[in-house]
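Residue numbers (my numbering), protein chains in the order written: chain B, 1 to 111; chain R, 1001 to 1113.
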């Protein structure tokens, strides 16, 4: 089945700096890659997603890039703010009916 | 904004007991899912459900688990005989279509003692 690896596991950045989280996937059939943000004790919330026919997608301070050849995708957060502190999960969709999640990255934005 | 509602928010049960976790998906969504998250770990897929039948299930979803959509609004996960290792946060999710963004519920924290 699909195996999604996520790095780093923790990331500490200074407020205003950028944060980058990288994920790789194993199943070349995967073609949908969402990113979720999970604050402590709360539900995962979709922040951005990308489909395999697109190489990059941007939504304000958040962007995601996808390299199908290398089977990796990345989340970029620019001008980080304290409220960006959370656990971020990448996921891949190996078929139409489930998501395989990465292990998560705990992002801490230092004021 | 529409929400996926889960009840109860917390459930403590004795090992071997049956539990039913309840979810009310968003009304116009057609695809329903259960995921679980053991404390501090990744979110794991359990099962997906569409058109009143299971579309896909993981190896975690063994004979002790079942899902049901008993009426037009509820979606339930039943664990027949709970084990200690079933302790986790269980998230229900729904989506309007395939490969559409999921909306997760707020979760049920299940503790098996």
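A virtual CB, placed ideally from N, CA and C, is assigned to each residue, including glycine.
- Residue 1041 of chain R counts as exposed, since fewer than 16 other C-beta atoms from the protein chains shown sit within 10 angstroms of its C-beta.
- Within the same chain, 1077, 1090 and 1108 come within 6 Å of residue 1021 of chain R by CB-CB distance, once the 5 residues on both sides are set aside.
- Using a CB distance below 8 Å, the part of the segment 1047–1077 of chain R facing chain B consists of 1048, 1050, 1055, 1056 and 1058, ordered along the chain.
- Straight-line spacing of the CA atoms in residue 26 of chain B and residue 1043 of chain R works out to 18 Å.
- Identification of chain B residues near residue 1042 of chain R by a Cβ-Cβ cut-off of 8 Å yields 89, 101, 102, 103 and 104, ordered along the chain.
- Shown here, residue 1084 of chain R sits in a helix according to DSSP, grouped into three states.
- For residue 1016 of chain R, not one C-beta of chain B is nearer than 8 Å to its own C-beta.
- For residue 1045 of chain R, the nearest beta carbon of chain B is closer than 8 Å to its own beta carbon.
- One Cα belongs to residue 1059 of chain R, the other to residue 1033 of chain R, and the distance between them is close to 15 Å.
- Inter-residue distance for residue 1014 of chain R and residue 1110 of chain R is about 11 Å (C-alpha atoms, whole angstroms).
- In the structure shown, residue 49 of chain B falls within a strand segment according to DSSP collapsed to helix, strand and coil.
- Taking the CA atoms as reference points, residue 1079 of chain R sits about 36 Å from residue 52 of chain B.
- Residue 1090 of chain R is outside the set of residues whose beta carbon lies under 8 Å from a beta carbon in chain B.
- For residue 34 of chain B, the beta-bridge partners assigned by DSSP are B/49.
- Judged by DSSP in its simplified three-state form, residue 83 of chain B adopts helix.
- With 16 or more other CB atoms across the displayed protein chains lying within 10 angstroms of its CB, residue 44 of chain B is buried.
- Around the beta-carbon of residue 1027 of chain R, fewer than 16 other beta-carbon atoms lie within 10 Å, marking it exposed.
- Residue 88 of chain B and residue 37 of chain B have their alpha carbons spaced roughly 5 Å apart.
- Taking 8 Å as the Cβ-Cβ cut-off, the segment 39–61 of chain B approaches chain R at 42, 43, 44, 45, 46, 49 and 51, given in chain order.
- Counting only residues of its own chain and dropping the five nearest sequence neighbours on each side, residue 1088 of chain R has a CB closer than 7 Å to the CB of 1036, 1037, 1038 and 1110.
- Here DSSP, grouped into helix, strand and coil, assigns residue 1040 of chain R to coil.
- Rounded to whole angstroms, the Cβ separation of residue 23 of chain B and residue 104 of chain B is 11 Å, and the two are not in contact under 8 Å.
- Per DSSP, residue 6 of chain B is one residue of the beta strand (DSSP E) stretching across 4–7.
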